[in-house]
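Participant:
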Amino acid sequence: MKELQHLNKYFLKYKTHLLIGSVITVVARIFLLFTPRYVKEIFITIEKYSDNSINKAVFKAELTEAILYIIGAAVFAGILTFFMRQTIINVSRYIEYDLKNEVYAQYQKLSLNFYKKNRTGDLMNRISEDVSRVRMYAGPALMYSINTITLFVIVLIYMFNAAPKLALFTIAPLPILSIAIYKLSREIHKRSTIVQQYLSKLSTFTQESFSGISVIKAYGIEPLTASNFETLSATSKEKQVNLAKVQALFFPMMILLIGVSNLLVIYIGGMQYINGEIESLGTIAEFIIYVNMLTWPVATVGWVTSIVQQAEASQKRINEFLKIEPEIKNNTPNHTEITGDIAFNKVSFTYDDTNIQALKDVSFKINEGETLAILGKTGSGKSTILDLIGRLYDVDAGSITINGTEINQLNLNDLRNSIGYVPQDAFLFSDSIKNNIRFGKEDATDEDVIKAAKNAQVHKNIVKFNQGYNTVLGERGITLSGGQKQRVSIARAIIKSPKILLFDDCLSAVDTETEEKILENLNKLSKGKTTLIVSHRVSSAKNADKIIVLENGEIVQKGNHDSLINTDGYYKDLYLKQLSESDAK
1 MKELQHLNKY
11 FLKYKTHLLI
21 GSVITVVARI
31 FLLFTPRYVK
41 EIFITIEKYS
51 DNSINKAVFK
61 AELTEAILYI
71 IGAAVFAGIL
81 TFFMRQTIIN
91 VSRYIEYDLK
101 NEVYAQYQKL
111 SLNFYKKNRT
121 GDLMNRISED
131 VSRVRMYAGP
141 ALMYSINTIT
151 LFVIVLIYMF
161 NAAPKLALFT
171 IAPLPILSIA
181 IYKLSREIHK
191 RSTIVQQYLS
201 KLSTFTQESF
211 SGISVIKAYG
221 IEPLTASNFE
231 TLSATSKEKQ
241 VNLAKVQALF
251 FPMMILLIGV
261 SNLLVIYIGG
271 MQYINGEIES
281 LGTIAEFIIY
291 VNMLTWPVAT
301 VGWVTSIVQQ
311 AEASQKRINE
321 FLKIEPEIKN
331 NTPNHTEITG
341 DIAFNKVSFT
351 YDDTNIQALK
361 DVSFKINEGE
371 TLAILGKTGS
381 GKSTILDLIG
391 RLYDVDAGSI
401 TINGTEINQL
411 NLNDLRNSIG
421 YVPQDAFLFS
431 DSIKNNIRFG
441 KEDATDEDVI
451 KAAKNAQVHK
461 NIVKFNQGYN
471 TVLGERGITL
481 SGGQKQRVSI
491 ARAIIKSPKI
501 LLFDDCLSAV
511 DTETEEKILE
521 NLNKLSKGKT
531 TLIVSHRVSS
541 AKNADKIIVL
551 ENGEIVQKGN
561 HDSLINTDGY
571 YKDLYLKQLS
581 ESDAK
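Read in order, the letters of the sequence shown correspond to residues 1 to 585 in the UniProt record's numbering.
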């Protein structure tokens, strides 16, 4: 139960609902207990009538009164049970809602390193399957626990008041039940954890398969993928069956023990009646009803125990992520003004997951309104510079300053809101094109969206679609071509008119003519804005105020276009190579 203590704050939050629900539960059980008492009265009345101690009219009146009491108590108990479920079960839905929001908020805070180490399917499983299992603990398990405890206490008091010796024999099987539940619960907890792990593996496998379906089809490996899924699914089924086998022991055991209790009531009660130790056969009937009233609560002990064990296993998996401290923290809650002066001072950075050093003693400075182009071979550290400016990672050594202030001392939300970022791999959401562009500025008008699309040279493509800007894209923007996705991503970045623009090789999928038009528009839009352009093309870098060339994480060349084409090195070689390719076309 240690892991489930995390939910205590939610129980306190909804304590009023839970208290009302608990009171209703107790009252409902009390009314339910009118039935066995009045059944006993009916037996006593029948015995009196058989001895001719009362007349027929009185007999009918007493019988009718007892029956009406039973019906009235049952109806009232049913109404209260309805309200009990409405209060306690609703609380479980509120807790599910709050817990999902808490998990999602934590996911939002965690750094990119976390997402490199954990798979999407597992993350989805924890916020869906695991939270749903925890909800069962916060609702049905809690409700039936209150119900069972209340019924047990009241019924045992009534039973011992009516016939102490008979009550003792009736509850004799219960300690055996408790020991069996304890043993089985431990095994259920162990097997539930394994089942959840395999559910995560299945979710991850299917999510990756659906995301990469085009690659699977292109390589013709559908049979292999299906075979791998079948193997994983079979193992998951085996673990589920192993859990079900243990869970299946509960109900037969409950029914057996209840049956034994009924036999004891009939035999011991019958002997006591014969010996005159109990006054009426009604007491035996009353006890049989009590035992059968306890049948479902006793049976639910196993079910509730199983729910609690599964919930604890799931909450443990949830807590593993909730306890992770975000690597990137907002150290300054107060608002900070961002302009655009950016300086790298001997910055070094190594990726934790690969242990590859991406940058080594990198130093440069960009003044507000200037454009810096970054060139270099694949893996030279170009994208890392942009990630560090957006503070997706923190540096290992050296410092990055914006406006002369250490980047980790700036308000994180202000920093990121002042940046328009176009990643190398353009990611679009399964939403309309309009909303994908508006993602950069939620209050943007339709005119703003169209203007941004025109500046990104994608407006003419969009209007050709049947639904135009209202065209809903497939997952990850699969409806669009690579170049169209890049240009929509550019429109999304420039619509917010940020102080800092970061372009990570975002023109690689467009033709040279379109690139020239986009760059021409960007030159106009970036006036007064600090712009960094990562590219493999000299055409994207030639108009920049400053250019740096990276190799193995180090700056090997600095300057502008004119100075670098007159200096032997990577930039000149790339320029001559691309120039000759252009002439050849």
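Built from N, CA and C at the ideal position, the CB exists for glycine as well.
Which residue comes first and which comes last in the beta strand (DSSP E) that contains residue 591?
Facilitator: This structure cannot settle anything about residue 591, because the visible part of the chain is limited to 1 through 585.
Participant: Under 8 Å: do the segment 283-297 and the segment 82-95 share three or more Cβ pairs, one atom per stretch?
Facilitator: At 8 Å Cβ cutoff, the stretches do not touch.
Participant: Less than 7 Å between C-beta atoms, sequence neighbours within five positions excluded: which residues of the same chain meet that for glutamate 62?
Facilitator: Here residue 62 refers to the residue found at position 62 when the sequence shown is read from its first residue. Thr45, listed in sequence order.
Participant: Identify which residue in Gln486, Tyr571, Gln108, Ile555 has its Cα closest to the Cα of aspartate 562.
Facilitator: Indexing the sequence shown from 1 puts residue 562 at position 562. Checking every option, the nearest Cα to that of aspartate 562 belongs to Tyr571.
Participant: What do you get for glutamine 486, buried or exposed, if any count of 16 or more other CB atoms within 10 angstroms of its CB means buried?
Facilitator: As a working note, residue 486 is residue 486 in the sequence shown. So glutamine 486 ends up on the buried side.
Participant: Measuring CA to CA, which of Leu249, Thr371, Ala313, Leu33 is closest to leucine 184?
Facilitator: Residue 184 sits at position 184 when you count from the first residue of the sequence shown. With distances taken between Cα atoms, leucine 184 lies closest to Leu249.
Participant: According to DSSP, is glutamine 409 helix, strand or coil?
Facilitator: Residue mapping note: residue 409 aligns to position 409 of the sequence shown, counting from 1. If DSSP states are grouped into helix, strand and coil, glutamine 409 belongs with the helices.
Participant: Per DSSP, leucine 501 is paired with what?
Facilitator: Within the sequence shown, residue 501 is the residue found at index 501, counting from 1. Leucine 501 pairs with Gly420, Thr531.
Participant: In whole angstroms, what is the alpha-carbon distance linking phenylalanine 229 and valine 75?
Facilitator: Along the sequence shown, read from residue 1 onward, the residue named residue 229 stands at position 229. Along the sequence shown, read from residue 1 onward, the residue named residue 75 stands at position 75. Rounded to whole angstroms, phenylalanine 229 to valine 75 spans 52 Å at the Cα level.
Participant: Can you give me the Cβ contacts of threonine 401 inside the same chain, cut-off strictly under 6 Å, excluding the 5 residues immediately before and after it?
Facilitator: Counted from its first residue, the sequence shown places residue 401 at position 401. Only Ala343 meet the Cβ criterion.
Participant: Cβ of residue 589 within 9 Å of Cβ of threonine 25?
Facilitator: For residue 589 there is no data in the structure shown, the boundaries of the chain being 1 and 585.
Participant: To the nearest angstrom, how far is it from the Cα of histidine 17 to the Cα of tyrosine 97?
Facilitator: In the sequence shown, residue 17 corresponds to position 17, counting from 1. In the sequence shown, residue 97 corresponds to position 97, counting from 1. So the alpha carbons of these two residues sit roughly 16 Å apart.
Participant: Under the assumption that leucine 80 contacts alanine 28 (Cβ atoms under 8 Å), give the Cβ distance between them as a whole number of angstroms.
Facilitator: In the sequence shown, counting from the first residue as 1, residue 80 sits at position 80. In the sequence shown, counting from the first residue as 1, residue 28 sits at position 28. Confirmed, about 4 Å.
Participant: May I ask you to report which of helix, strand or coil DSSP gives alanine 163?
Facilitator: By 1-based counting over the sequence shown, the position of residue 163 is 163. Coil at alanine 163, not helix or strand.
Participant: Going by the DSSP bridge assignment, what does isoleucine 374 pair with across the sheet?
Facilitator: Your numbering for residue 374 matches position 374 in the sequence shown. Per DSSP, Val534, Ile548.
Participant: Quick one: any contact between the segment 506-518 and the segment 531-543, if contact means 3 or more CB pairs under 8 Å?
Facilitator: Because the criterion of three Cβ pairs below 8 Å is met, the segment 506-518 and the segment 531-543 touch.
Participant: If you scan the segment 209-287 from start to end, which runs of the alpha helix (DSSP H) of 4 or more residues do you find wholly inside it?
Facilitator: Taking only runs of at least 4 residues, the alpha helix (DSSP H) segments lying wholly in the segment 209-287 are 213-218, 222-247, 250-274.
Participant: Rounded to the nearest angstrom, what separates lysine 558 and glutamate 551 at their Cα positions?
Facilitator: Taking the sequence shown and counting its residues from 1, one reaches residue 558 at position 558. Taking the sequence shown and counting its residues from 1, one reaches residue 551 at position 551. Approximately 12 Å, taken between the alpha carbons.
Participant: Looking at serine 363 and alanine 397, is the spacing between their C-beta atoms short of 9 Å?
Facilitator: Your numbering for residue 397 matches position 397 in the sequence shown. Your numbering for residue 363 matches position 363 in the sequence shown. Result no, Cβ atoms of alanine 397 and serine 363 do not sit closer than 9 Å.
Participant: Quick one: what's threonine 401 bridged to in DSSP?
Facilitator: Residue mapping note: residue 401 aligns to position 401 of the sequence shown, counting from 1. Ala343, Glu406.
Participant: For leucine 532 versus valine 549, is the C-beta spacing smaller than 9 Å?
Facilitator: Reading the sequence shown from its first residue, position 532 is the one you call residue 532. Reading the sequence shown from its first residue, position 549 is the one you call residue 549. Against a cut-off of 9 Å, the Cβ pair of valine 549 and leucine 532 comes out as no contact.
Participant: Should histidine 459 go down as buried or exposed, given a rule of 16 or more other Cβ atoms within 10 Å for buried?
Facilitator: For this step, residue 459 is matched to residue 459 along the sequence shown. It is buried - the Cβ of histidine 459 has at least 16 other Cβ atoms within 10 Å.
Participant: Under 7 Å Cβ to Cβ from serine 526, same chain only, skipping five residues before and after it: list those, please.
Facilitator: Counted from its first residue, the sequence shown places residue 526 at position 526. Closer than 7 Å at Cβ, skipping near neighbours: Thr371, Leu501.
Participant: Within a Cβ cutoff of 7 Å, which residues of the same chain sit near serine 383, ignoring the five residues on either side of it in sequence?
Facilitator: To locate residue 383, count along the sequence shown from 1; it is residue 383. For serine 383, where only same-chain residues beyond five positions count, the Cβ hits under 7 Å are Gln424, Asp504, Val534.
Participant: Residues in its own chain within less than 6 Å of asparagine 417 by CB, not counting five upstream and five downstream?
Facilitator: As a working note, residue 417 is residue 417 in the sequence shown. Closer than 6 Å at Cβ, skipping near neighbours: no residue.
Participant: What is the rounded straight-line gap between the Cα of tyrosine 267 and the Cα of isoleucine 42?
Facilitator: Locating residue 267 in the sequence shown gives position 267, where the first residue counts as 1. Locating residue 42 in the sequence shown gives position 42, where the first residue counts as 1. Using only the alpha carbons, I get a separation of about 21 Å.
Participant: How far does the alpha helix (DSSP H) with glycine 21 in it extend, from its first residue to its last?
Facilitator: Here residue 21 corresponds to residue number 21 of the sequence shown, with the count starting at 1. Segment 15-32, the alpha helix (DSSP H) holding glycine 21.
Participant: Cβ of glycine 483 within 9 Å of Cβ of valine 510?
Facilitator: Locating residue 483 in the sequence shown gives position 483, counting from the first residue. Locating residue 510 in the sequence shown gives position 510, counting from the first residue. Taking 9 Å as the Cβ cut-off, glycine 483 and valine 510 qualify as a contacting pair.
Participant: State whether the segment 444-460 contacts the segment 425-432, with contact taken as three or more CB pairs (one from each stretch) at a distance under 8 Å.
Facilitator: Flag = no, the segment 444-460 and the segment 425-432 do not touch.
Participant: On a Cα-Cα basis, can you pick out the residue from Ile95, Lys56, Val103, Phe152 that is closest to isoleucine 30?
Facilitator: The count along the sequence shown starts at 1 and reaches residue 30 at position 30. Selected option, being the one with the closest Cα: Phe152.
Participant: So what does DSSP say about serine 192, is it helix, strand or coil?
Facilitator: What you label residue 192 is simply residue 192 of the sequence shown in a count that begins at 1. Three-state result, serine 192: helix.
Participant: Considering Cα atoms alone, identify which of Lys40, Thr405, Asp361 is closest to asparagine 331.
Facilitator: In the sequence shown, the residue the question calls residue 331 occupies position 331. Comparing Cα-Cα distances from asparagine 331 to each of Lys40, Thr405, Asp361, the minimum goes to Thr405.
Participant: DSSP state of serine 508, grouped into three classes?
Facilitator: As a working note, residue 508 is residue 508 in the sequence shown. If DSSP states are grouped into helix, strand and coil, serine 508 belongs with coil.
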